[in-house]
Every structure is written in C-alpha cells, then in structure tokens.
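First the structure, in the form of structure tokens, and then the observations on it.
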Amino acid sequence: MKVLEGRSALVTGGSRGIGAAIATELARRGADVVVNYSASAQAADDVVRSIEEFGGRAWPLQADISEPESCTRLVETTVAQLGSLDILVNNAGITRDGLLVRMSDDDWRSVIDTNLGGAFAMTRAAAKVMMKARSGSIINIASVIGLVGNAGQANYAAAKAGLIGFTKSVARELAPRSVRVNAIAPGFIETEMTATLSEPVRSAALGQIAMKEFGTPEDVAAAVAFFASDEARYITGQVLAVDGGMTFV
Ligand code: NAP
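Every position in the sequence shown, counted from 1, becomes a number in our numbering once 29 is added.
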C-alpha cells in the first residue's frame with residue numbers, strides 16, 4: 030500500500046513549477062489531489078492528465094488565493110469533492126521585485142496578500158476541517174529569502190519570514206488536535222520564477238550554494254511528501270531548508 034493512500038490533498042499553485050511537482054509526488058504516493066491554479070488552466074489540466082497517466086487521481090480547481098473568500102470556497106469545494114482534507118500545501122506565490130525606495134504600494138500589497146494572506150486564509154479554512162477530524166498536515170512553502178533576506182525582495186522576504194512565524198504559531202495552536210504545521214524553505218530551484226534571473230544574479234547565487242547547483246522542484250516535493258506522511262507524525266513547527274547547503278550555520 031502506498032504511504033498516502035486514502036488521503037486527500039490540496040496544493041495551491043499546483044499548475045506549474047514546484048507546486049506541479051508537489052501535486053505529482055503526493056499523487057504518486059497515493060493521495061487524491063486537488064491542483065489549484067489562478068490563471069494557468071491549461072497547465073493545471075496537463076498536471077492532472079499526467080497524474081492520471083500513472084493511475085493517480087487529481088482534479089484541477091481555479092481560485093485566486095489572494096482573495097480570502099476564494100480560499101474558503103476552495104477548501105469547501107475540495108472537501109465536497111474528496112470527502113475530507115488531510116494535507117494542505119500552501120505553495121502559491123509570486124514575486125514583484127524592486128529596491129525598497131522604488132517599490133510601489135501595489136507591489137508590496139500583492140506579494141503580502143498572495144504569499145502570506147493566501148496561506149493565512151487557506152490555513153484558517155482548512156484548520157476547521159482538520160481540527161474536527163483531529164488529524165492533518167499543513168505544509169507552507171516559504172523561502173530561504175525569508176531566513177536571510179535579499180536586496181530587491183523586501184516584500185517577498187517579509188511575506189516569507191511572516192509565513193515562518195505564522196507556521197510556528199499555528200503549529201502551537203493546532204498541535205493539541207493532532208494537526209501538524211511545518212514549513213519548507215527552498216533555496217534556488219529551477220522554475221519559471223527563477224528562469225528570468227540575469228546571468229550575474231545566477232552565478233552570484235551559485236557561489237553561495239555549498240553543493241554548487243540549483244535544486245529541482247522534485248527536491249522540494251520529496252520533503253513535502255515526508256512532512257505529509259505518518260513518518261513525520263512527531264514533527265511540527267519546523268522549517269526545513271531545501272537549499273543545497275546555502276543557509277546552514
Ligand atoms: P512559479 O513557477 O511562478 O509557479 C507559481 C504557481 O503559483 C503557479 O502554479 C501559479 O498559478 C500559482 N499562483 C500564483 N498566484 C496565485 C494565486 N493568486 N492564486 C492561486 N495560485 C497562484 O513559482 P515556483 O518557483 O514554482 O514557486 C512556488 C513556491 O515556492 C512559491 O511560494 C515561491 O515563493 C516558493 N519558492 C520558490 C523558489 C524558487 O527558486 N523557484 C525558491 C524559494 C521559494 P497560475 O499560473 O495559475 O497563476
């Protein structure tokens with residue numbers, strides 16, 4: 030029997046990049062997976078189709094997680110479709126990079142609303158279901174930028190550092206109901222988000238990585254699958270860096 034057989038999972042931003050790899054890995058380990066997306070309907074359909082090709086079960090579901098009402102609806106629809114919600118992965122995220130003095134209110138707000146507000150509204154809705162069931166695993170995709178900061182990413186760093194504090198607080202609140210909450214802090218992972226980085230930025234990043242290579246979405250997905258499983262039953266409130274040795278002290 031596969032380790033996540035009989036579990037239902039919801040992955041925000043599951044249509045591309047890291048989220049697509051997470052949805053695929055959870056399905057490969059037996060979970061029924063809702064693949065959430067905001068705009069990329071075709072990409073979400075492609076992820077679902079590739080999961081079905083290896084015998085997994087997945088459904089695409091549109092919702093803009095920067096809107097709290099959409100998050101509530103997304104969780105309700107998932108529970109109606111799958112019968113329960115055992116695993117929530119708050120993965121959807123955006124960047125709007127720029128130096129602080131030139132950063133617009135809109136670039137600040139959209140990153141905070143999506144990367145932090147989305148995780149808050151999703152977790153609040155999912156927690157009600159999981160607390161009632163007295164079981165569940167919530168995994169927040171933060172970033173090493175939330176640990177160490179980055180020039181030109183004050184909005185993104187604030188959101189990801191906030192997500193780490195949020196993870197630890199909610200882990201304390203939900204632990205008595207056997208709901209675990211952990212975070213993963215990926216380093217530089219090859220996706221569309223990092224594809225636009227200039228060559229000097231890429232080589233500067235490589236210089237900081239002990240393993241001297243960027244990670245893959247599958248590297249992050251493997252860590253998510255571990256946190257989602259019963260193998261991690263005694264682990265909550267943790268932040269795991271998946272960064273090739275970029276930030277360890
Ligand atoms: P990506 O390739 O740009 O994909 C982002 C995903 O999020 C897409 O599926 C996108 O779906 C979805 N999304 C964006 N805004 C959304 C919204 N409002 N509602 C619902 N879905 C939304 O990004 P990625 O590199 O895979 O990053 C995934 C997560 O890992 C993010 O939280 C990111 O901050 C984090 N991370 C990435 C790296 C890296 O090196 N790549 C490093 C550290 C952390 P649509 O296309 O449908 O909008």
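From the three backbone atoms N, C-alpha and C, an ideal C-beta is built for every residue, glycine too.
query	result
For G42 versus P246, is the C-beta spacing smaller than 7 Å?	no
Terminal residues of the continuous beta strand (DSSP E) containing Q71?	It is not in any beta strand (DSSP E) - Q71 instead sits in the alpha helix (DSSP H) that spans A70 to E82.
Please confirm whether V268 and A214 have their CB atoms less than 7 Å apart.	yes
Which of helix, strand or coil does DSSP assign to L117?	strand
Taking 6 Å as the cut-off, is the beta-carbon of E221 closer than that to any non-hydrogen atom of ligand 1?	yes
Going by the C-beta, is P215 closer than 6 Å to any heavy atom of ligand 1?	yes
Mapping DSSP to helix, strand and coil, what is L192?	helix
Once you ignore the five residues that flank G122 on each side, which residues in its own chain have a CB closer than 6 Å to its CB?	N144
Per DSSP, Y263 is paired with what?	Per DSSP, none; premise fails for Y263.
Along the beta strand (DSSP E) that carries I170, what are the first and last residues, could you check?	G165 to I170
Suppose you measure from the CA of R138 to the CA of G191; what does that come to, to the nearest Å?	14 Å
V63 and W88 - do their beta-carbons sit closer together than 7 Å?	yes
Just tell me which of S133, D135, A109 and V140 has its CA closest to the CA of A155.	A109
Thinking C-beta only, is I174 closer than 7 Å to N211?	no
Once the 5 residues before and after A38 are set aside, which same chain residues still bring their CB inside 6 Å of it?	L55, A60, V62 and I116
Below 7 Å between beta carbons: does that hold for L203 and T276?	no
My parser needs the beta strand (DSSP E) runs of 3 or more residues fully inside the segment 123–177; what are they?	165–170
Within its chain, find whatever has a CB closer than 6 Å to the CB of F195; leave out the 5 residues flanking it on each side and keep chain order.	none
When every heavy atom of ligand 1 is checked, does at least one fall within less than 6 Å of the C-beta of D93?	yes
Under 6 Å from any heavy atom of ligand 1, does the C-beta of N179 make it?	no
Would you please state the rounded distance, in angstroms, between the beta carbons of D136 and N184? I believe it to be under 8 Å.	6 Å
Got a sec? Which residues, its chain only, sit under 8 Å from E105 by beta carbon, not counting five neighbours each side?	A154
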